[in-house]
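For what it's worth, the working numbering labels the leading residue of the sequence shown as 10, then goes sequentially. Here is the structure we will look at, set down as structure tokens.
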Amino acid sequence: PTKSYGEDEAIQTVKSAGFWITVLNVEMMDLVFSLDNVVAAVSLSEKLWVVMIGVAIGIVTMRFAAGAFSYIIEKEPILKSAAYILVFNIGVELLLEELAGFEISDWMRFSISLLTILLTLAYGHIKFLRILRPLLIWISQGFSNFNAIIDWALVPVIGTVKLIWNILNSMIRRPEKA
10 PTKSYGEDEA
20 IQTVKSAGFW
30 ITVLNVEMMD
40 LVFSLDNVVA
50 AVSLSEKLWV
60 VMIGVAIGIV
70 TMRFAAGAFS
80 YIIEKEPILK
90 SAAYILVFNI
100 GVELLLEELA
110 GFEISDWMRF
120 SISLLTILLT
130 LAYGHIKFLR
140 ILRPLLIWIS
150 QGFSNFNAII
160 DWALVPVIGT
170 VKLIWNILNS
180 MIRRPEKA
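Structure, rendered in structure tokens:
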């Protein structure tokens, strides 16, 4: 089939628009998934400007460090578990500070994070420590059950937000009648 004059340009425009929409979607997903960066930054400082700079630096750093992290995790798969534990540690630190008024110094936070990574690596490389596996599985099942309860409790909130979103979305996308 032959293409009419300008068809190549139109196809190129559509491809270009599709590319930029994809870039925009990736960036939006980065922002959504950077909430853990916000939690980490908030746990380190109460000043909004510090939090905002921390999140921005985190996003930019992740752009360049993602390849290196993927390589390291490929070589040491146990570090994937360490990452989840580190996020859990930050959550516990926030809860201790907010609910119990417990003050955790920056050095203590760093020490806890470093110890978490070292213990995870030790568990991955020292066979003797694998005797702890049944205990760790039991703990992870408990956290899974706790997560299921939280998910269940949030169903009405999430449902309400989705309903409002759908209503607003349908109002915005409704074609205007002349």
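Cβ atoms here follow ideal geometry from the backbone N, Cα and C, with glycine treated the same way.
Subject >> Nearest to TRP116 (by Cα), restricted to the options ALA109, GLY110 and LEU124 >> reply: Looking up residue 116 in the sequence shown gives position 107. If we check each option's Cα against that of TRP116, LEU124 comes out closest.
Subject >> Range of the contiguous alpha helix (DSSP H) that encloses LEU182 >> reply: Taking the sequence shown and counting its residues from 1, the one referred to as residue 182 is at position 173. Per the sequence shown, residue 182 should be read as Arg rather than Leu. Per DSSP, ARG182 belongs to the alpha helix (DSSP H) from 142-182.
Subject >> Which of helix, strand or coil DSSP assigns to VAL114 >> reply: Locating residue 114 in the sequence shown gives position 105, where the first residue counts as 1. Per the sequence shown, the amino acid found at residue 114 is Ser instead of Val. In this structure, SER114 counts as coil in the three-state DSSP scheme.
Original post:
By how many angstroms is the C-alpha of LYS171 removed from the C-alpha of ALA162?
Top reply: The sequence position of residue 162 within the sequence shown is 153, counting from 1. The sequence position of residue 171 within the sequence shown is 162, counting from 1. Taking the straight line joining both Cα atoms gives about 15 Å.
Subject >> Pairwise C-alpha distance: ASN175 and GLU83 >> reply: Position 74 of the sequence shown holds residue 83. Position 166 of the sequence shown holds residue 175. In a straight line, the C-alpha of GLU83 is about 40 Å away from that of ASN175.
**OP:** State the DSSP-derived secondary structure class of ILE135, mapped to helix, strand or coil.
**Re:** Here residue 135 refers to the residue found at position 126 when the sequence shown is read from its first residue. Residue state, collapsed to three classes: coil.
Original post:
If you draw a straight line from the alpha carbon of LEU141 to that of VAL59, how long is it in whole angstroms?
Top reply: Numbered from 1 along the sequence shown, position 132 holds the residue referred to as residue 141. Numbered from 1 along the sequence shown, position 50 holds the residue referred to as residue 59. Going by the C-alpha atoms only, they are around 40 Å apart.
Subject >> Residues near LYS89 by beta carbon distance below 8 Å, same chain, minus five either side >> reply: Stepping through the sequence shown from its first residue, residue 89 is reached at position 80. The residues ILE82, in chain order, have a CB closer than 8 Å to that of LYS89 in the same chain once the five nearest residues on each side in sequence are set aside.
Original post:
Could you give the C-beta distance for LEU103 and PHE111, rounded to a whole number, given that I count them as a contact under 8 Å?
Top reply: Counting from one through the sequence shown, the residue named residue 103 turns up at place 94. Counting from one through the sequence shown, the residue named residue 111 turns up at place 102. LEU103 to PHE111, Cβ: 10 Å. No contact.
Subject >> Assigned secondary structure, GLU102 (DSSP; H/G/I helix, E/B strand, else coil) >> reply: Counting from 1 along the sequence shown, the entry for residue 102 is found at position 93. Residue state, collapsed to three classes: helix.
Subject >> Coarse secondary structure for SER79, derived from DSSP in three states >> reply: If you number the sequence shown from 1, residue 79 lands on position 70. Under the three-state reduction of DSSP output, SER79 falls in the helix class.
Subject >> Assigned exposure category for ILE99 - 16 Cβ within 10 Å defines buried >> reply: For the purposes of this step, residue 99 is taken as the residue at position 90 of the sequence shown. By the Cβ-count criterion, ILE99 is buried, with 16 or more other Cβ atoms from all chains shown falling within 10 Å of its own Cβ.
Original post:
Would DSSP call LYS56 helix, strand or coil?
Top reply: As a first step, residue 56 is located in the sequence shown; it is residue number 47 there, counting from the start. LYS56 falls in the coil class under three-state DSSP.
**OP:** Reducing DSSP to helix, strand and coil, say where SER85 ends up.
**Re:** For the purposes of this step, residue 85 is taken as residue 76 along the sequence shown, with counting starting at 1. Checking the sequence, you will find Glu at residue 85 rather than Ser. DSSP places GLU85 in coil when its eight states are reduced to three.
Original post:
Since ILE87 contacts GLY133 with CB under 8 Å, what's their CB separation in whole angstroms?
Top reply: For the purposes of this step, residue 87 is taken as the residue at position 78 of the sequence shown. For the purposes of this step, residue 133 is taken as the residue at position 124 of the sequence shown. Yes, ILE87 and GLY133 are in contact; Cβ-Cβ is about 3 Å, under 8 Å.
Original post:
When we look at the beta-carbon of ALA91 and count the other beta-carbons within 10 Å, is it buried (16 or more) or exposed?
Top reply: Here residue 91 corresponds to residue number 82 of the sequence shown, with the count starting at 1. A residue is called buried once 16 or more other Cβ atoms fall within 10 Å of its Cβ, and ALA91 is buried on that count.
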